[in-house]
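Colleague: Numbering (UniProt numbering) for the sequence shown: 1 to 220.
The C-beta atom is built at its ideal place from N, Cα and C for all residues, glycine as well.
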Amino acid sequence: MRDPKRRSLMFDYLNRYEYDIALLQDTRILNNRECMQWNAECRCRGFWSVGTVHSRGVGILIRDPAKFEGISFDVDFDDRLNFLSQLDKYLLTRRKMIMGGDFNLVLDIAMHRFGGNPHGSIGSPELKRLLSKYHLIDIWRHQHPSLKTCIWSNAERSIMSRLDKFYISVDLVDDSKIVTGIQPCHLSDHDLVYFHIFDTHHVLTWGRGCLENEHFSPQA
1 MRDPKRRSLM
11 FDYLNRYEYD
21 IALLQDTRIL
31 NNRECMQWNA
41 ECRCRGFWSV
51 GTVHSRGVGI
61 LIRDPAKFEG
71 ISFDVDFDDR
81 LNFLSQLDKY
91 LLTRRKMIMG
101 GDFNLVLDIA
111 MHRFGGNPHG
121 SIGSPELKRL
131 LSKYHLIDIW
141 RHQHPSLKTC
151 IWSNAERSIM
161 SRLDKFYISV
171 DLVDDSKIVT
181 GIQPCHLSDH
191 DLVYFHIFDT
201 HHVLTWGRGC
211 LENEHFSPQA
C-alpha cells in the first residue's frame with residue numbers, strides 16, 4: 001500500500017463495498033506521519049501498527065469509530081506463540097466475540113494448504129486452545145465444512161493457504177443469520193474474506209471485517 005495510486009484504489013474499493021470495518025495486513029506503513037496521512041485519504045478512522053518498507057504493518061479501518069474502543073499492546077511478532085498466549089486477557093469476557101485477520105497459520109493442513117510445509121504451523125496448538133476455551137468457531141469453515149479452498153498463494157502458485165479467517169462466538173451462530181464469502185481482490189495477493197450478520201434486531205455487515213450496530217458490543 002505504499003504506492004499512492006494503489007492505496008487510493010484500495011480505499012475506493014473498500015468504500016464502494018461499504019464495509020464498516022476493514023482489516024488490512026502488510027500495509028508497510030512506517031510512522032505516525034503516514035498514519036495521519038492515510039487516515040485523511042481513507043475517509044474513515046484508521047488504527048495502524050507500523051511495520052517496515054518490506055513487510056508487516058496492519059490497519060483497522062472503522063467507518064463509525066464512536067462505537068468502538070481500541071486496545072493496543074506490544075508483542076514480539078516474530079514469536080507467534082508468545083503473541084497468541086497473550087490473548088487470554090482480551091478474550092475473557094461475557095461479550096460476544098469476533099476475532100479476525102491474517103493468522104499466518106493453518107489448523108487443518110489437508111483442508112487449508114496446498115504445497116509447502118507438510119507439518120503443522122507454529123502456534124496452531126495454542127490457537128486451537130483459545131478457540132476451544134472461549135467457544136469460538138471459524139464461521140466460514142462452519143458453513144462450508146467440505147470445501148477446500150485457499151486465499152493466499154506465492155508468486156509461483158506452488159504454495160497456497162487459507163490464512164485469513166473470522167472466528168466468532170458460538171452464541172452468534174445460534175442467534176443470527178450469517179452469510180459468509182470469499183471473493184478475489186486484484187489489489188492484493190490475498191482474496192477478500194467477508195461476512196454479514198442479520199438477526200431480528202440488527203443488521204451487521206462484515207467484510208474482513210465490517211460492523212455497524214450501536215447495541216452490539218464485540219471485541220475484535
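Under three-state DSSP, which class holds residue 134?
Modeller: Locating residue 134 in the sequence shown gives position 134, where the first residue counts as 1. Here residue 134 sits in coil by DSSP.
Colleague: Going by DSSP, what residues sit across from residue 114 in a beta bridge?
Modeller: Against the sequence shown, residue 114 aligns to sequence position 114. Its beta-bridge partners are 160.
Colleague: Output the boundary residues of the alpha helix (DSSP H) element that contains residue 90.
Modeller: Walking along the sequence shown from the start, residue 90 turns up at place 90. Per DSSP, residue 90 belongs to the alpha helix (DSSP H) from 88-91.
Colleague: Measure the CB-CB distance between residue 31 and residue 58 and report whether it falls below 9 Å.
Modeller: Within the sequence shown, residue 31 is the residue found at index 31, counting from 1. Within the sequence shown, residue 58 is the residue found at index 58, counting from 1. Going by C-beta atoms, residue 31 is not nearer than 9 Å to residue 58.
Colleague: Between the Cα of residue 189 and the Cα atoms of 195, 90, 150, 117, which residue gives the shortest distance?
Modeller: Locating residue 189 in the sequence shown gives position 189, where the first residue counts as 1. Taking only the C-alpha atoms, the option nearest residue 189 is 150.
Colleague: How big is the Cα-Cα spacing for residue 106 and residue 161?
Modeller: Counted from its first residue, the sequence shown places residue 106 at position 106. Counted from its first residue, the sequence shown places residue 161 at position 161. Using only the alpha carbons, I get a separation of about 7 Å.
Colleague: For residue 116 versus residue 80, is the C-beta distance shorter than 9 Å?
Modeller: Translated into positions along the sequence shown, residue 116 becomes position 116. Translated into positions along the sequence shown, residue 80 becomes position 80. Against a cut-off of 9 Å, the Cβ pair of residue 80 and residue 116 comes out as no contact.
Colleague: Are residue 6 and residue 187 touching if we call contact CB-CB under 9 Å?
Modeller: Taking the sequence shown and counting its residues from 1, one reaches residue 6 at position 6. Taking the sequence shown and counting its residues from 1, one reaches residue 187 at position 187. For residue 6 and residue 187, yes; Cβs fall inside 9 Å.
Colleague: Leaving out five residues before and five after residue 135 in sequence, what residues of the same chain have Cβ atoms less than 7 Å from its Cβ?
Modeller: Position 135 of the sequence shown, counted from the start, is the residue given in the question as residue 135. Contacts found: 169, 170.
Colleague: Look at the alpha carbon of residue 194 and the alpha carbon of residue 181, and state the distance between them as a whole number of angstroms.
Modeller: Within the sequence shown, residue 194 is the residue found at index 194, counting from 1. Within the sequence shown, residue 181 is the residue found at index 181, counting from 1. In a straight line, the C-alpha of residue 194 is about 5 Å away from that of residue 181.
Colleague: Could you pull out every residue in the same chain whose Cβ sits closer than 6 Å to the Cβ of residue 111, ignoring the five residues on either side in sequence?
Modeller: Your numbering for residue 111 matches position 111 in the sequence shown. So the qualifying residues of the chain are 148.
Colleague: Could you check if residue 165 is buried or exposed, using at least 16 other CB atoms within 10 Å of its CB as the buried criterion?
Modeller: One-based indexing of the sequence shown puts residue 165 at position 165. Result: buried.
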